[in-house]
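What follows is a single structure, written as structure tokens, with notes after it.
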């Protein structure tokens, strides 16, 4: 009967409470579903596209590739295909694409199966192809577009470093029938997958072997050892044209996951989790206050029930039972959040890694969210009813409102200033019973302000990083690929160019135990070759190395600590390489000798910094050496790049267009890690808006609730002679002190959290970790908080300013 009475008289209030909890659950559940989809997208794409455990690149013929595949133990799937390259003729500038011959008709190879996300797969009998989605975006290619390609011969391909003019292979046209997604670096190296009909007319520049292994703890290690022996046995079969390349180059796409994707995913997940936590905490605090007010408003009913002999547990149970319909409504509304979030793709750059675009509801999270919302409504109902029905509350509403505490705890000095100023400050700084309405709101406001400042700190760091290329090591405007000394000599006298550098790029083995020499079959490494090679020890890793051969103008690495090198015995180490190698400024680094060489090098780390990762390596995963040291330790013949800076007043786009007519040039682009951070888009700004709104709502609720509950004390002030204006001024003062308290705690807390989050982002990205403080926001927060607090105080102030104690007593 009690439950039915509560439901009949207060159903509207219960519906509102159920909607409140349901909406909070919907937002948190939707964020959880989006977080789940975003966080799992890279792994799901790897599974959907059957990323190979081993990828073997063979510059020689298919016979050697077939023998290499045959010696690998534990084969589950294998695919041997030809690789080609071509120049794109119907796109601006000089653009080269890598190609792979697609799967034969009706084949189920079980490895390297790109997912078509737009259009359709190619017809094996037609001149068609599918293209990696990201490459298509950069080239401006869509479904059903036609690419005109001038293919390279083997001689052209192996003459990239010396130049070959126009490609000498046949000219072909292919229709792009679909855009695909594929995990791993292969999709970026060879983004075009052509039909067998097209592949049969192409000149292969190499053979690629894709292998899936039967899962086993040592499967990859045993395969590497077998391939190392095969490479040593086939050393005399190396094509003289490809002498600078390993006879068998082995990579592990399935295990060598892209750390840049991982770093971006962590950043996105941190933002989503922070958003969900702040919304959840704020929503739960608001719901707790709302349920407490709901039951305190009818505390006299519990007093009557207590007189009639109903136990406290019975009174609370009746109100829990009355809340069951509200709980059901909350569960239904909360479940809609994850279901609607299924329409959202993973956020930021991770959206390109979603293997199944489109609607994907997470039913498990929807169910969990619904159950949690139902449980929270029932728990809040039981808690607030039991709290209101305690002996002190049941003794009367007046006692529940708490004793009037308008005086100071002990005699003090004669305070200077108007009395309303000190009364208002006293009201803000002392507790009031019941405190369940005020404390959660104040804490929520503090948390929201802290989260707002932290989000703004991260957003300012990302914006500063995107605006200033020096922060990610780029001091040039463009990269001229396959540069030569004669080309650089011409560019040095070009009036459109302010600075140009000729840079050699290769890889070296660096770290502890890199000084010994041996043969490839002594110990397999990530790159297996038949020529004598340094034997990687436990601390010996392969890293990209650069050397500047000639330069004019100012083009330097960005140094984060230490200085640039000044001689052959010194090296500057990238941020990620320094972490992987465990070195810092002043340490000594061993470099292994080049294949076939007798002596390596020992260099001193004089700086840690950032240079342009033109070789496609991770940002900061490189070294800057002197030319002689690189020549002594390089693993393969170097690639050559020309880094060019436009003269003042010369548009970079004009310079790119001018040089692009003759050379293959790449305008400066943020490294993948930085571009991924920029690809987050408006998420930080959206978080700032949401968190700012939550902080304002919590502050308004705290102020209005606190002063409304002090109606009796306002009446006392009026009795003691306070004018309505003075009483209102006291309420505004109390609100302003509360607002300043929330801001005073939230700002330093937010700066601390923001510094930690930005340090984690910077560490994962490889850039400097110094914080970009959001100065304008910090200056604006205190006055904005004061204005919001003052305006909120004016809501109950007119009523309380005129109240007498008798009015408050009658209202109880």
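Numbering (the numbering used here), first residue to last: 369 to 1180. The C-beta atom is built at its ideal place from N, Cα and C for all residues, glycine as well.
Other residues of its chain near residue i: CB distance less than 7 Å, five sequence neighbours each side excluded
{"i": "residue 860", "result": "868 and 920"}
{"i": "residue 378", "result": "none"}
{"i": "residue 641", "result": "403"}
{"i": "residue 719", "result": "713"}
{"i": "residue 528", "result": "850"}
{"i": "residue 777", "result": "Residue confidence is low: residue 777 scores 45 on pLDDT, short of 50, so the model does not pin down where it sits. No coordinate-derived value is stated."}
{"i": "residue 1071", "result": "1103, 1106, 1157, 1160 and 1161"}
{"i": "residue 1039", "result": "840, 981 and 987"}
{"i": "residue 389", "result": "655, 698, 741, 744 and 745"}
{"i": "residue 386", "result": "694, 695, 697, 698 and 745"}
{"i": "residue 314", "result": "Residue 314 is absent from the model: the chain starts at 369 and stops at 1180."}
{"i": "residue 925", "result": "841, 932, 940, 977, 978, 979 and 992"}
{"i": "residue 911", "result": "875, 876, 878, 945, 989, 990 and 991"}
{"i": "residue 407", "result": "633 and 637"}
{"i": "residue 381", "result": "662"}
Option nearest residue i by Cα separation, candidates the options
{"i": "residue 1058", "options": "740, 607 and 644", "result": "644"}
{"i": "residue 1053", "options": "820, 1035, 1011 and 954", "result": "820"}
{"i": "residue 1141", "options": "822, 549 and 734", "result": "822"}
{"i": "residue 828", "options": "1137, 465 and 488", "result": "1137"}
{"i": "residue 623", "options": "1012, 646, 651 and 583", "result": "583"}
{"i": "residue 553", "options": "591, 387 and 620", "result": "620"}
{"i": "residue 758", "options": "734, 670, 693 and 709", "result": "670"}
{"i": "residue 1017", "options": "863, 702, 880 and 1148", "result": "863"}
{"i": "residue 1109", "options": "706, 1067 and 1015", "result": "1067"}
{"i": "residue 855", "options": "580, 1032 and 837", "result": "1032"}
{"i": "residue 1143", "options": "739, 1134 and 1119", "result": "1119"}
{"i": "residue 993", "options": "961, 1044 and 938", "result": "938"}
{"i": "residue 1113", "options": "812, 504 and 532", "result": "812"}
{"i": "residue 1132", "options": "917, 947 and 711", "result": "947"}
{"i": "residue 536", "options": "579, 467 and 453", "result": "453"}
{"i": "residue 425", "options": "405, 440, 415 and 451", "result": "451"}
{"i": "residue 1099", "options": "1154, 1061, 652 and 1063", "result": "1154"}
{"i": "residue 1147", "options": "751, 1130 and 1115", "result": "1115"}
Same chain, Cβ closer than 8 Å to residue i, five either side skipped, listed in chain order
{"i": "residue 472", "result": "492 and 564"}
{"i": "residue 501", "result": "485, 486, 547, 548, 549 and 720"}
{"i": "residue 442", "result": "581, 582, 584, 587, 590 and 591"}
Per DSSP, cross-strand counterpart(s) of residue i
{"i": "residue 404", "result": "None; residue 404 has no bridge partner."}
{"i": "residue 496", "result": "543"}
{"i": "residue 908", "result": "879"}
{"i": "residue 872", "result": "915 and 1008"}
{"i": "residue 561", "result": "468 and 498"}
Proximity of residue i and residue j at Cβ, strictly below 9 Å
{"i": "residue 749", "j": "residue 695", "result": "yes"}
{"i": "residue 438", "j": "residue 478", "result": "no"}
{"i": "residue 914", "j": "residue 956", "result": "no"}
{"i": "residue 413", "j": "residue 498", "result": "no"}
{"i": "residue 606", "j": "residue 526", "result": "no"}
{"i": "residue 975", "j": "residue 941", "result": "yes"}
{"i": "residue 1012", "j": "residue 461", "result": "no"}
{"i": "residue 1044", "j": "residue 717", "result": "yes"}
{"i": "residue 372", "j": "residue 690", "result": "yes"}
{"i": "residue 878", "j": "residue 989", "result": "no"}
{"i": "residue 1111", "j": "residue 1149", "result": "yes"}
{"i": "residue 825", "j": "residue 634", "result": "no"}
{"i": "residue 543", "j": "residue 594", "result": "no"}
{"i": "residue 393", "j": "residue 705", "result": "yes"}
{"i": "residue 972", "j": "residue 1134", "result": "no"}
{"i": "residue 837", "j": "residue 711", "result": "no"}
{"i": "residue 1001", "j": "residue 923", "result": "no"}
Beta-carbon proximity list for residue i, same chain, < 6 Å, skipping 5 on both sides
{"i": "residue 756", "result": "663, 664 and 667"}
{"i": "residue 384", "result": "none"}
{"i": "residue 1046", "result": "834"}
{"i": "residue 709", "result": "398, 401 and 402"}
{"i": "residue 540", "result": "517"}
{"i": "residue 466", "result": "453, 557 and 558"}
Proximity test, residue i beta-carbon vs the ligand ATP heavy atom, cut-off 8 Å
{"i": "residue 453", "result": "As presented, the structure is devoid of all ligands, the ligand ATP included, so that no description of it is given."}
Quiz item: Can at least three beta-carbon pairs, one atom from the region 504–524 and one from the region 451–463, be found at a separation below 8 Å?
Solution: yes
Quiz item: How about the region 963–970 and the region 1006–1015: do they share at least three Cβ pairs that are nearer than 8 Å?
Solution: no
Self-check item: Stretch-stretch touch, CB-based, cutoff 8 Å, three pairs: the region 815–824 with the region 1027–1034
Solution: At 8 Å Cβ cutoff, the stretches do not touch.
Quiz item: Are at least three pairs of beta-carbons, each pair with one atom in the region 573–580 and one in the region 425–434, less than 8 Å apart?
Solution: yes
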